[in-house]
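Participant: Following this note's numbering, the numbering of the sequence shown begins with 7 at its first residue and continues without gaps.
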Amino acid sequence: MTTIKTVCARDCYDVCSLNVSLDKNQTIRSIRGDGDHPVTEGRLCPRSAADKQRLFQNRINTPFVKENNTFRKSEWHEALDIVALNLSRTLEQHGPDRVLFLTYAGNTGLLANAYPHRLWHAIGATQTDHALCSKSGHVGLSLHYGLSYGANPAQIPRAGLIVFWGINPAASAPRD
């Protein structure tokens, strides 16, 4: 049995560290929280804890390419080549301001937020504040905290009052 240290793919603000045990066939046998993580201390939300069971269910395992108003399965290299060709063609013919960087998968950590920006900054794409409606959330955080950021997890145990608005910490943030 091999144990791999990784992070939860949901990339929420806790950025939970995981210990994933693999058997000799590289099949996941267990997913446990990493007790050395300074914030979560080894606890996982129910979604992350159940990833072993859900990992291969309801997943798209291959790209699809649209042809004549229908979709067909394709190989990854073909699908990526099509995307690269069309992106290059758009940049060349119309300029980077015609490429809109619109992103947001509900994740708020470094993996979802910071890394994709490297490509979009490099090509000079037009950018929004994540999703089209994300700006209102940042304004709300700014009104509460003075800036657009959340609470420091280390300060939560000392807080006199905690109000959760639009989040279910029992399901998604067990340390809170």
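Ideal Cβ placement from N, Cα and C applies to all residues, glycine included.
Quick caveat: nothing in here was measured; it's all calculated off a predicted structure.
CB Gly-130 to CB Pro-102, shorter than 7 Å?
Facilitator: Yes.
Participant: Going by beta carbon distance, what residues of the same chain come within less than 6 Å of Ile-10, once the five residues before and after it are set aside?
Facilitator: Once the five neighbours on either side are set aside, the close Cβ partners of Ile-10 are Val-26.
Participant: Tell me the rounded alpha-carbon separation between Pro-69 and Thr-134.
Facilitator: For Pro-69 and Thr-134, the distance between alpha carbons rounds to 27 Å.
Participant: Can you find the residues in the same chain that come closer than 8 Å, C-beta to C-beta, to Leu-61, ignoring five residues on each side of it along the sequence?
Facilitator: Hits under 8 Å: Ile-34.
Participant: Just confirm the distance between the C-beta atoms of Leu-24 and Val-13, as a whole number of angstroms; I'd bet it's less than 8 Å.
Facilitator: So it is a contact: roughly 6 Å between Cβ atoms.
Participant: Buried or exposed, going by whether 16 or more other CB atoms sit within 10 Å of the CB of Thr-46?
Facilitator: Result: buried.
Participant: Comparing alpha-carbon positions, which option in Ile-37, Asp-57 and Ala-90 lies nearest Leu-125?
Facilitator: When only C-alpha atoms are compared, the closest one is Ala-90.
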